[in-house]
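**Student:** Quick one: the structure is below, questions incoming.
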Amino acid sequence: MIELPISLLITSILGAMFAGFVCSTMGVFVVRMNLSSIGFCMSHAAFAGAAFGLMTSIDPLISAIIFSFVTAMILGPISEKARLESNVVIGFLFSIMIALAFIFLNFIPGQAASGTALRILWGSIFSVGYNDLLILALLSFILILFIVLFYKELLAVMFHRKLAESSGINTKLFYFAVLFFTGFAVSLSLRLVGGLLVYALIINPTSSAYQFFYDFKKILIFSPLIGIISCLIGFWLSLITDFPIGASIVIISAIIFAIAIILSPKRRRGNGMQYKKTLKAV
């Protein structure tokens with residue numbers, strides 16, 4: 106088991122909690138608005154940005170945010186003006202970003218196989234600093250404020266975008282806001298979870314919460330809780346096994362999702378309804 110100084114331990118635990126909160130909170134919107142493929146694309150954009158930062162000696166966090174924002178701009182306003190289907194743009198950007206990421210990693214002088222480069226792939230317990238923690242805390246606060254202030258509008262957009270637009274809601278604004286918040290969440294969680302795995306922290310906790318609840322408020326509460334629990338248990342698993350922390354977090358979140366599917370009342374209710382329909386048919 107790795108023994109950490111108490112200050113580093115507290116910083117890492119708080120970082121894991123904030124990363125779990127922001128990623129799984131954005132996961133609620135990503136999953137509900139059928140933007141899962143977009144979240145996947147943006148996680149790899151942040152990964153490519155961090156790799157670019159390592160290659161050029163720029164702060165990987167800054168370059169990851171820039172790449173995420175550029176991707177969000179292409180996926181959002183630019184793709185709508187160009188009148189391209191989102192799947193076409195996503196497929197193009199994903200292939201480009203993953204290719205660029207490995208090209209950038211290959212050109213990192215003397216670090217292609219070192220811990221510095223591998224941290225953005227798999228994440229690291231030691232990578233979360235005090236400044237990262239403050240930024241994650243600030244993003245968490247802004248995200249909560251955004252949801253509280255625009256809860257009704259967000260609910261309308263997620264329920265039916267066209268209907269919300271006909272009611273006078275600027276749906277594009279909220280759609281772009283979700284993209285940019287997702288980009289921020291991915292970029293800030295990259296050091297802890299890793300570029301290849303951060304996407305799972307967005308999807309798995311929310312998918313677990315959806316197995317139990319229909320009420321959006323409950324999903325909005327329990328998805329971040331599941332995300333935080335996944336990060337804390339994954340952090341502990343990484344400490345005692347020396348596994349990469351990103352892989353540990355994803356394994357725990359996947360186990361929770363598998364358990365949620367098994368115990369899901371929605372699944373049992375669906376099976377019961379199907380059984381009744383079968384009896385009627387007979």
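For reference, each letter of the sequence shown is one residue, going 106 to 387 in my numbering. The beta carbon of each residue, even a glycine, is placed where N, CA and C say it ideally should be.
For Pro349 and Ile308, I'd like the C-alpha separation in whole angstroms.
**Tutor:** Spanning the two alpha carbons is a distance of roughly 19 Å.
**Student:** Taking the alpha-carbon positions, what's the Leu250 to Phe123 distance?
**Tutor:** Approximately 15 Å between the Cα atoms of the pair.
**Student:** Under 8 Å, do Ile338 and Ala314 count as touching if we go by C-beta distance?
**Tutor:** No.
**Student:** Distance, Cα to Cα, Asp347 vs Val298?
**Tutor:** One C-alpha to the other measures close to 14 Å.
**Student:** Between Pro370 and Ser312, what straight-line distance do the alpha-carbon atoms span, to the nearest angstrom?
**Tutor:** Distance between the alpha carbons of Pro370 and Ser312 is about 14 Å.
**Student:** How would you call Pro110, buried or exposed, if buried means at least 16 neighbouring beta carbons within 10 angstroms?
**Tutor:** Flag for Pro110 reads exposed.
**Student:** Hey, is the segment 152 to 165 in contact with the segment 189 to 209, meaning 3+ C-beta pairs nearer than 8 Å?
**Tutor:** Yes, the segment 152 to 165 is in contact with the segment 189 to 209.
**Student:** Is it buried or exposed, Ser272, if we count other Cβ atoms within 10 angstroms and call 16 or more buried?
**Tutor:** Result: exposed.
**Student:** For the alpha helix (DSSP H) that contains Ile366, what are its first and last residues?
**Tutor:** Its alpha helix (DSSP H) spans residues Ile350 to Leu368.
**Student:** On the CB-based measure, 16 or more other CB atoms within 10 Å of its CB, does Ser148 come out buried or exposed?
**Tutor:** With 16 or more other Cβ atoms within 10 Å, it is buried.
**Student:** Am I right that Gly288 and Ala177 are in contact with their C-beta atoms under 8 Å? What's the rounded C-beta distance?
**Tutor:** Right, the Cβ-Cβ distance comes to about 5 Å (below 8 Å), so this counts as a contact.
**Student:** Quick one: is Leu113 buried, meaning 16 or more other Cβ sit within 10 Å of its Cβ, or exposed?
**Tutor:** Exposed.
**Student:** From Ala386 to Glu270, what distance separates their C-alpha atoms?
**Tutor:** Residue confidence for Ala386 is low, a pLDDT of 36 falling below 50, so the modelled location carries little weight and cannot support an answer.
**Student:** In three-state DSSP terms, what is Met138?
**Tutor:** Note: Met138 maps to coil in three-state DSSP.
**Student:** For the pair the segment 240 to 259 and the segment 126 to 144, tell me if three or more CB-CB distances fall below 8 Å.
**Tutor:** In short, these stretches touch, since the Cβ pair count reaches three.
**Student:** Under three-state DSSP, which class holds Phe317?
**Tutor:** Phe317 falls in the coil class under three-state DSSP.
**Student:** Report the three-state DSSP secondary structure of Ala218 (helix, strand or coil).
**Tutor:** No answer about Ala218 holds up, because its pLDDT of 48 lies below 50 and its placement is not dependable.
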